[in-house]
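Chains as they are written, first to last, in the working numbering: chain H, 1 to 413; chain A, 414 to 519.
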Ligand code: HEM
Ligand code: FES
C-alpha cells in the first residue's frame, strides 16, 4: 500500500519553485563534509531556497530538502527505492529490511512487529526501561554534576536495546562499540582497511551473541526481537535474523541516545519551557516530538531513483542517488513557523523525524516511551534545579546522524 | 467509482469519489480530506489514519489483524466499535454511499 502515481505534470507547472519546465538538478559547489558536520541547517536552508533537490559533489548525493518533495518520495516507493546495489550498508550488514522494497521488505518487517507494538511497549518494555533509568540516575544522583552523554543517554539506549533484542551477558559498552564499528564501516567511503576490519569483528561478535540465545527462544518465546523473528509466520533465515539484528544495532542505538540529549538540552536552554513542562506533567510527549523535529537524530537517509521522474520541478534520472534530508524538511519554513526555534508549544504538526512510507521507523512507539515518557521526565524529576554546566559547553555534531556530542550538567544536591 | 462520505467532527459532510483498489486513507489524502494525517503512509505503524466506520457496514471490511488491533488502542481519539485504521481498508464497490466519521484528533 501507499504507492500512488506521481503527480509530475502538476508539480512542473504549479511547483512552488515556479518553473514551467523541469530543470536539471542544480549543483552546489564548495560545501565541505566538515561544514555539514558542524552545522548543516544554514546550508540546507540556503539550498532549499533555490531548489528542492541539489547535487552536492562532496556528498556524492542529490540532497532533497523540501517537506513536500520528501512526502512525494515516500508515497512512491516503487520509483524511489531503498534497494541499492551499490550500498556499503549491504556489504557490512548483509541485506537488511532497510534496503529492501515491496513484499520482501513487508515480510521481514512483519516478523519484527510483535516486539514493537504500542501495547507491548507499554506493558512489557516500559517497566524495564523505567528500571534502567532509575538505576542509572541513582548512580550519579549524589554527584551534583555529570556528562549526560556518557553517564545517562548512552547506557540508557544501550541497556534498553540489549533487553529488546533479547541478548544475554552483553555489556552496554560492548553493544555501543559494535554499533559504532558498524556505523564507521558503513560510512567508510574512503575504503580504510582498519574500519573494514573493526566492522567485521563487530559483526562476528554479534553473530555469536545471537547464536547464544537462539536455542533459548526457540523453546521459550518472549517479546524480544530475536524471539519474534524466530516465531514469525514467514520463516526467517539465520542470514535475515543476523542482518536485521545488525541494522537495529547500527541504527537503533544512537537515535534514542541523541533524542534524550537533544530534548534535555532544548529544555535546559529554554527555562520557561522547562518550568512549564515540569509543572504540567502532560507536555513530555510534545517535548519529545519537538526535539526530533528540531534536530532529527537521523538527518539524512538514502534512496535510489528507479526511473526518470520529475520531483518538485527538477528532472531526476534513473540511477540517481538521493539523500533524503528529513532534518531539513523538519525546518521547512513553509510548514513550521520559526523553524530554528525549539518550541514545545508550537502548533501540532506532523514532522519527518521518523521518516514516512514503508520504512517509517519501526521503533516509534519504543522511542516515545523510552525517551519521552521515561528517560527525560525522570531526569527532571530526580535532579533538582537541573541546569547546563556554564564552564563546559555542550556541542552538537553530524549531518547524517546528529545530536549532542556531550551534555555537561549540574544540579543541586 | 464508489462515492464515500467523510463526516468531519463538526458534522460537515464531504462526499468524494474513491478509486477502486486504493485504501480509504489514500482516498482521503488524494481528495484533500483534512483529518486523516497518515504519518506512516500506510505502514500500519502510526495510527494517525484512524476513522470510525459505520457499525452496520463493518462486515464489509476485511478483518482486523492483531497488529491493527493493538495499534487502535493507542490512537489519539477514543477507540469505538467502528474504529479502524483507514490505511488497512481497500475501497470496493460495496462501499458505495458509506459514511466514515473522522475523529476529533489524530
Ligand atoms: C528517537 C528515536 C528514533 C528515531 C528518530 C528514528 C528514526 C528512524 C527513521 C528516520 C527511519 C527510516 C529510515 C529510512 O527510511 O531509511 C527509521 C527506521 C527504523 N527504525 Fe528508527 N528511529 C528511532 C528509534 C528507533 C529504535 C529505538 C529502534 C529499535 C529498537 C528503531 C528501529 C528502526 C527500524 C527497525 C527501522 C527500519 C524500518 C524499515 O526499514 O521498515 N528505531 N528510524
Ligand atoms: S497511515 Fe499510519 S497507521 Fe495508517
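Each residue gets a CB set at the ideal place from its N, CA and C atoms; glycine is no exception. Small disclaimer: the values here were computed from a predicted structure and weren't measured.
Straight-line gap, residue i to residue j (C-alpha atoms, nearest Å)
i	j	result
residue 495 of chain A	residue 469 of chain A	9 Å
residue 162 of chain H	residue 373 of chain H	19 Å
residue 448 of chain A	residue 454 of chain A	14 Å
residue 128 of chain H	residue 395 of chain H	30 Å
residue 215 of chain H	residue 205 of chain H	17 Å
residue 211 of chain H	residue 242 of chain H	10 Å
residue 121 of chain H	residue 365 of chain H	7 Å
residue 488 of chain A	residue 460 of chain A	5 Å
residue 202 of chain H	residue 483 of chain A	35 Å
residue 517 of chain A	residue 507 of chain A	27 Å
residue 164 of chain H	residue 255 of chain H	15 Å
residue 268 of chain H	residue 295 of chain H	15 Å
residue 57 of chain H	residue 405 of chain H	27 Å
residue 413 of chain H	residue 383 of chain H	8 Å
residue 137 of chain H	residue 200 of chain H	34 Å
residue 355 of chain H	residue 326 of chain H	7 Å
residue 172 of chain H	residue 178 of chain H	10 Å
residue 387 of chain H	residue 147 of chain H	12 Å
residue 421 of chain H	residue 115 of chain H	The requested residue 421 of chain H does not occur in the structure, where chain H is confined to residues 1 to 413.
residue 498 of chain A	residue 392 of chain H	48 Å
residue 43 of chain H	residue 213 of chain H	46 Å
residue 441 of chain A	residue 342 of chain H	32 Å
residue 23 of chain H	residue 196 of chain H	39 Å
residue 45 of chain H	residue 328 of chain H	7 Å
residue 188 of chain H	residue 36 of chain H	17 Å
residue 7 of chain H	residue 308 of chain H	Summary for residue 7 of chain H: the model assigns pLDDT 41, below 50, so the residue's position carries little reliability, and this model does not support an answer.
Opening and closing residue of the alpha helix (DSSP H) in which residue i lies
i	result
residue 37 of chain H	33–38
residue 105 of chain H	102–112
residue 230 of chain H	225–230
residue 469 of chain H	Because chain H spans 1 through 413 in this model, residue 469 of chain H falls outside it and cannot be assessed.
residue 127 of chain H	126–140
residue 300 of chain H	Taken as a continuous stretch (DSSP letters only), residue 300 of chain H belongs to no alpha helix (DSSP H), being part of the beta strand (DSSP E) at 300–305.
residue 292 of chain H	284–294
residue 207 of chain H	193–219
residue 317 of chain H	First-last for residue 317 of chain H: undefined, no H or E at that position.
residue 512 of chain A	Premise fails: residue 512 of chain A lies in the beta strand (DSSP E), 512–514, not in any alpha helix (DSSP H).
residue 364 of chain H	364–367
Residue i, buried or exposed, once every other Cβ within 10 Å from all chains shown has been counted against 16
i	result
residue 9 of chain H	With a pLDDT of only 37 at residue 9 of chain H, under the threshold of 50, the placement of this residue in the model should not be trusted; the figure read from the coordinates follows. Answer is exposed; the Cβ neighbour count stays below 16.
residue 67 of chain H	buried
residue 475 of chain A	exposed
residue 414 of chain A	exposed
residue 246 of chain H	buried
residue 513 of chain A	buried
residue 401 of chain H	buried
residue 12 of chain H	Summary for residue 12 of chain H: the model assigns pLDDT 41, below 50, so the residue's position carries little reliability; its value from the coordinates is reported in the next sentence. With 16 or more other Cβ atoms within 10 Å, it is buried.
residue 345 of chain H	exposed
residue 191 of chain H	exposed
residue 258 of chain H	buried
residue 445 of chain A	exposed
residue 292 of chain H	buried
First through last residue of the beta strand (DSSP E) which encompasses residue i
i	result
residue 426 of chain A	426–430
residue 466 of chain A	463–466
residue 410 of chain H	408–410
residue 321 of chain H	321–325
residue 55 of chain H	53–56
residue 62 of chain H	61–64
residue 498 of chain A	496–498
residue 420 of chain A	416–420
residue 311 of chain H	309–311
Under 8 Å by beta carbon: chain H residues contacting residue i
i	result
residue 484 of chain A	117 and 118
residue 450 of chain A	350
residue 419 of chain A	Within chain H, no residue comes near residue 419 of chain A; the closest Cβ sits about 18 Å away, beyond 8 Å.
Residues that residue i contacts on chain A, provided the C-beta gap is smaller than 8 Å
i	result
residue 75 of chain H	454
residue 113 of chain H	480
Partner residues on chain A for residue i, Cβ-Cβ distance less than 7 Å
i	result
residue 65 of chain H	Those within 7 Å of residue 65 of chain H in chain A number zero; the least Cβ separation is about 19 Å.
Chain-ordered chain H contacts of residue i [CB-CB under 9 Å]
i	result
residue 513 of chain A	Near residue 513 of chain A there are no residues of chain H at all, since even the closest Cβ is about 17 Å away, more than 9 Å.
Interface partners of residue i on chain A, CB under 9 Å
i	result
residue 358 of chain H	453, 454, 455 and 456
residue 364 of chain H	452, 453, 458 and 459
residue 289 of chain H	Chain A residues near residue 289 of chain H: none, gap ~11 Å exceeds 9 Å.
Contacts of residue i in chain H (Cβ-Cβ under 7 Å)
i	result
residue 466 of chain A	Under the 7 Å cutoff, chain H gives no residues; its nearest Cβ is about 17 Å from residue 466 of chain A.
> Do the stretch 374–383 of chain H and the stretch 319–334 of chain H touch if we need at least three Cβ pairs shorter than 8 Å?
Replying inline: no
>> Taking contact to mean 3 or more Cβ pairs, one atom from each stretch, closer than 8 Å, check whether the stretch 355–362 of chain H and the stretch 100–109 of chain H are in contact.
In response: yes
> How about the stretch 333–350 of chain H and the stretch 86–96 of chain H: do they share at least three Cβ pairs that are nearer than 8 Å?
Replying inline: No: fewer than three Cβ pairs fall under 8 Å.
> Is it true that the stretch 270–284 of chain H meets the stretch 325–340 of chain H, where meeting means three or more beta-carbon pairs spaced less than 8 Å apart?
Replying inline: Between the stretch 270–284 of chain H and the stretch 325–340 of chain H there are fewer than three inter-stretch CB-CB distances shorter than 8 Å, so the stretches are not counted as touching.
>> If contact is defined by three or more beta carbon pairs under 8 Å, each pair taking one atom from either stretch, is the stretch 285–305 of chain H in contact with the stretch 69–88 of chain H?
In response: yes
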